[in-house]
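Single-structure report; data block below.
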Amino acid sequence: MSQENSRFASTLNVNGTTYAYYPVSAVAGSEQLPYSLTVLLENVLRNAETPEAAEELAARIVEAGRAGVVGSEIEFSPARVLFQDFTGVPVFVDFAVMREACAQLGGDPTKINPQIPCDLVIDHSVIADVAGCAGALAQNMELEFSRNKERYDFLKWSQESFENVRIVPPGAGICHQLNIEQFAHVTMTADGAPGEPPTAYFDTLVGTDSHTPTANGIGVLGWGVGGIEAEAAALGQPITTLVPKVVGVRLSGELGEGVAAMDVALSFAQMLRAKGVVGCFVECFGPGLDALSATQRTCISNMTPEYGSTCTLFPVDEQTLTYLRLTGRSEQQVALVEAYAKAQGFWNDADAPARTYAEVIEFDLGAVERSLAGPSRPHDRIPLSAVQERFRAVCDERGLDLSKRVAVDLDGEACELTHGALAIAAVTSCTTATDPSMMLAAGLVAKKAADAGLKPQPWVKCVLAPGSKATELLLERAGLLDGLRALGFYTCGFGCMSCIGNSGPILDELHEVAEDIELASVLSGNRNFEGRISPDVSQNYLAAPAAVIAYALAGTMDADLEHDALGTRPDGTPVLLADIWPSDEEIAALVAQHVDCSLYEEGTRGLYDGDAAWAALGSEPSDTFSWDDASTYVRRAPYFDGMEREPSAPKPVEAARALALLGDFITTDHISPAGSIAADSPAARYLEERGVAPADFNTYGARRGNHEVMMRGTFANVKLQNKLAEGKKGGWTRDFATGEVRPLFDAAMDYEAAETPLVVVAGKMYGSGSSRDWAAKGPALLGIRAAFAESFERIHRSNLIGMGILPLQFQEGESAESLGLDGSELYTVAPIDFSQGLPEPRVVDVTAERADGQTTTFRATVRVDTPTEGRYYQHGGILPFVLRSLL
1 MSQENSRFAS
11 TLNVNGTTYA
21 YYPVSAVAGS
31 EQLPYSLTVL
41 LENVLRNAET
51 PEAAEELAAR
61 IVEAGRAGVV
71 GSEIEFSPAR
81 VLFQDFTGVP
91 VFVDFAVMRE
101 ACAQLGGDPT
111 KINPQIPCDL
121 VIDHSVIADV
131 AGCAGALAQN
141 MELEFSRNKE
151 RYDFLKWSQE
161 SFENVRIVPP
171 GAGICHQLNI
181 EQFAHVTMTA
191 DGAPGEPPTA
201 YFDTLVGTDS
211 HTPTANGIGV
221 LGWGVGGIEA
231 EAAALGQPIT
241 TLVPKVVGVR
251 LSGELGEGVA
261 AMDVALSFAQ
271 MLRAKGVVGC
281 FVECFGPGLD
291 ALSATQRTCI
301 SNMTPEYGST
311 CTLFPVDEQT
321 LTYLRLTGRS
331 EQQVALVEAY
341 AKAQGFWNDA
351 DAPARTYAEV
361 IEFDLGAVER
371 SLAGPSRPHD
381 RIPLSAVQER
391 FRAVCDERGL
401 DLSKRVAVDL
411 DGEACELTHG
421 ALAIAAVTSC
431 TTATDPSMML
441 AAGLVAKKAA
451 DAGLKPQPWV
461 KCVLAPGSKA
471 TELLLERAGL
481 LDGLRALGFY
491 TCGFGCMSCI
501 GNSGPILDEL
511 HEVAEDIELA
521 SVLSGNRNFE
531 GRISPDVSQN
541 YLAAPAAVIA
551 YALAGTMDAD
561 LEHDALGTRP
571 DGTPVLLADI
581 WPSDEEIAAL
591 VAQHVDCSLY
601 EEGTRGLYDG
611 DAAWAALGSE
621 PSDTFSWDDA
631 STYVRRAPYF
641 DGMEREPSAP
651 KPVEAARALA
661 LLGDFITTDH
671 ISPAGSIAAD
681 SPAARYLEER
691 GVAPADFNTY
701 GARRGNHEVM
711 MRGTFANVKL
721 QNKLAEGKKG
731 GWTRDFATGE
741 VRPLFDAAMD
751 YEAAETPLVV
761 VAGKMYGSGS
771 SRDWAAKGPA
781 LLGIRAAFAE
791 SFERIHRSNL
801 IGMGILPLQF
811 QEGESAESLG
821 LDGSELYTVA
831 PIDFSQGLPE
841 PRVVDVTAER
851 ADGQTTTFRA
861 TVRVDTPTEG
871 RYYQHGGILP
881 FVLRSLL
């Protein structure tokens, strides 16, 4: 923080301890700002380079906030950064390469070092290879270490060699749940100058996972960014952003009997995606806040990226303080959080003046009903009572015949299956595991089902992946683990697992019929995009954990759970969902009895220690990393090869070929390599050439530290429909140099050899979904210079610029289809000047030349929205910009 800005500071006394702080009330008009803009206002007052800059940035926030519009550019300096291992490994690989580049350009490599606290949790690596049996956890952990030793060795070196880095070993939990249980402070402090009091300030963060907004539920402003942007933040660079438009959601009422926070989260996703809040801040207020616990709020906030907003923030109140005490924060810390929130107008005070929002949306908690979402988008909510009807409508839309039957033999039992047979039922994900009530409800459903003699259908793979040790400990203390295990829900890992596609193989018998019938999955997660949960599963549904257990019993999506029997007791009487669904009173009694400080104290004991396998890893700290040329997991990335101290002008986009012609709602899951590595893919070919057996391919996520694998897996999602591939799904395209349909990577290498630049042409919401930096890194390595789309999702647009790819948006009402573009054209973008930061012109002419010489000229908006983004692009990306800044 800038010492020069101390004239904005005041003092706050909490239980006899004095803190310096930066009161936003010193800025005229701040009392009407939304909570989230209050946080940004304090941030610029404290961190701006000069008092004059602080005043200018503060004025921009107040002006935009009071008008309820998008404002001018400001700089946001997060207090800390959160990483998960899939996105964290390439970040630290980049840090290591930056150290080398810094030394080669005559600088001090130790300057490349995180300047703010960085927490990395290894939670994305574990795969549910083994599930449904005792010993699943130990077997999966053993497999995880055998696959990932090279990555974990590198992370151990990173922890020892970089400052301000803490790494949570495998088997501890999910980063977002650990963030709210352990890492988050809500109010942070920093030591003052000698003789000066410590400074108190808002806890803020960015994370390399799009579900970082989970912490919004306890009053921590944070959001997901690409790994590229997170690297810059970790190295002390502020994040530039436009003052966002803030949408308020006024909550009223309270949840009805049997309705869970997940049902609210799915209702939020449906409502706000329909409203259109992409790029906005969303925050909740109103009398309904009192009816939601802190963990119910975090569940709602977790779903933020599913409707495209940046955050879903809740203010601090008694519910927040109760949660902080439960999870072991000291009484002094809790008192500081309360005093600071009240001093800054961040306390949920019903008598405070009304805040100004761009729009206020009314949301009645009492109107929420039990729900699912699917079959492929989180915002496609379906009332539980209408799931069967909607499933049958989906089958009808897809031309599926529900009378079709396929025979499978399961351990000697002959079973006939049809479309909608449930291959996976997974209780997993930070979305729901953070909330004790939902996990206890699932345990109670399982116990009552087991007591009634029910079992899941034999074709269902049952996955239980608690979000932290405290979650499993809660189920154990409540006496519910035995019931879960009786149904096959054994803990098989502490990590994301099914929610990120780490479900492992489904039953062999189901794999064999996956081409004949559409299989389904149900999971208590946040993402159900095509091809994500399993390559064998076509329909994926999100639900509360208790509903996941119920569907495992039914074994199919073609069931009316509210009326159909889930099975029969030994005496032949039917068992209905109502017979095993717990009452809110039952759940509340277990919460009161078992959710206390000792639960979280015991559940997080030894968080950073790991097991013997982790302790055996590691190497001595050093300024630069010793790369292993034989490694197929961690490779030296080429981003700084040939870099000079001064930037040159960006290469023009002239006579570029389209590598892909895509439709609407192309997610980062479609672009970024994820999931298993197909045996016939360019990535598999690369690994086999280096002696890696197919059984050891592991996943793309686990190999994110190897750019050679990742660039070969870019656009390789099995569900991707590239219109240039003539009906073939996956990583295929037409190579216009040969006229053949070839693997997309091979075509890109042909174009590179011919020095032909590349572009991508897409539709609406290009880059939706997770904050995957490889969705930008991969295309950059393939030679893509620009991406045309009707609209971009916020994080992906930022990542494209961060990797030197130009985002160009069709004019309103225009598209590739309306312009008659079929992807065979040569694309030339008129020159753009970035010397002043913002692009000039902002709307540029583009020429598409066909093979017969005819041309189509259209205009596109250059979506480089801030001067800082322009400087990043001018330097060839954010990483070269940061390195040059440090030099």
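Quick note, the sequence shown lines up with residues 1 to 887 if you use UniProt numbering.
C-beta: ideal position from N, C-alpha, C; glycine also.
It should be emphasised that the depicted structure is a prediction, and the values quoted were computed from it without experimental measurement.
For proline 743, no alpha helix (DSSP H) encloses it; the enclosing beta strand (DSSP E) starts and ends at 740-743. By the Cβ criterion, the region 116-128 is in contact with the region 490-497, since at least three pairs of Cβ atoms, one from each stretch, lie closer than 8 angstroms.
In this structure, the straight-line span from the alpha carbon of leucine 566 to that of proline 535 is close to 28 angstroms. With 16 or more other CB atoms across the displayed protein chains lying within 10 angstroms of its CB, glutamate 869 is buried. Burial is judged here by how many other beta carbons sit within 10 angstroms of a residue's own beta carbon; cysteine 284 has at least 16 and is buried.
In the same chain as glycine 236, and ignoring 5 residues on each side of it, the C-beta atoms closer than 6 angstroms to its own belong to Gln115, in chain order. Out of Asn540, Arg381, Leu205, Ser371, the CA that lies nearest to the CA of leucine 272 is found in Arg381. Burial is judged here by how many other beta carbons sit within 10 angstroms of a residue's own beta carbon; lysine 651 has fewer than 16 and is exposed. Look at cysteine 597 here: in three-state DSSP terms it is helix.
The beta-bridge partner set that DSSP reports for arginine 859 consists of Asp845. When secondary structure is reduced to three states using DSSP, alanine 103 falls in the helix class. The region 416-427 and the region 592-599 do not touch, with fewer than three beta-carbon pairs separated by less than 8 angstroms.
For alanine 816, the closest alpha carbon among the candidates Ala786, Leu662, Lys719, Met803 is that of Leu662.
Its chain contains Leu662, Ile666, Ala789 as the residues whose beta carbon lies nearer than 6 angstroms to that of alanine 762, once the 5 sequence neighbours on both sides are disregarded; these appear in chain order. Between serine 672 and alanine 787, the C-beta spacing is not below 8 angstroms.
Sequence-distant Cβ neighbours of asparagine 216 in its own chain, meaning closer than 6 angstroms and more than five residues away, are Ser301, Cys311, Thr312, Leu313. Unbroken beta strand (DSSP E) stretches of 3 residues or longer found wholly inside the region 164-213: 165-168, 187-190, 199-202, 204-207, given in chain order.
When DSSP states are grouped into helix, strand and coil, phenylalanine 363 belongs to the strand group. A residue is called buried once 16 or more other Cβ atoms fall within 10 Å of its Cβ, and serine 835, having fewer, is exposed. Classified as exposed, leucine 887 has fewer than 16 neighbouring CB atoms from the shown chains inside 10 Å of its CB. Fully contained in the region 330-388 are the following beta strand (DSSP E) runs of length 3 or more, in chain order: 359-364, 371-373, 381-383. Pairing leucine 365 with leucine 251 gives a Cβ-Cβ distance under 8 angstroms. Going by DSSP, asparagine 13 is part of the beta strand (DSSP E) stretching over 10-14.
Straight-line measurement puts the Cα of glutamine 296 at about 6 angstroms from the Cα of aspartate 435. With a cutoff of 8 angstroms on beta-carbon distance, proline 198 and threonine 204 are scored as not near each other. Pairing leucine 37 with valine 186 gives a Cβ-Cβ distance that is not under 8 angstroms. In the three-state reduction of the DSSP assignment, tryptophan 732 falls in the strand class. Exclusion of the five residues before and after glycine 253 leaves Gly288, Asp364, Leu365, Gly366 as the residues of its chain whose Cβ lies within less than 6 angstroms of its Cβ. Residues Gly308 of the same chain have their beta carbon placed closer than 6 angstroms to that of valine 278, with the five preceding and five following residues left out of the count. Secondary structure of isoleucine 239 (DSSP, three-state): strand. Positions of the alpha helix (DSSP H) runs, each at least 4 residues long and wholly inside the region 25-72, are given as 35-47, 51-67 in order along the chain. Fewer than three Cβ pairs drawn from the region 56-74 and the region 679-688 lie within less than 8 angstroms of each other, which leaves the two stretches out of contact.
Taking one beta carbon from each stretch, the region 807-822 and the region 856-870 have 3 or more pairs nearer than 8 angstroms; the two touch. Three or more Cβ pairs closer than 8 angstroms define a contact, and the region 599-618 meets that threshold against the region 148-161. The three-state reading of DSSP puts arginine 273 in helix, counting H, G and I together.
With a cutoff of 8 angstroms on beta-carbon distance, alanine 441 and isoleucine 587 are scored as near each other.
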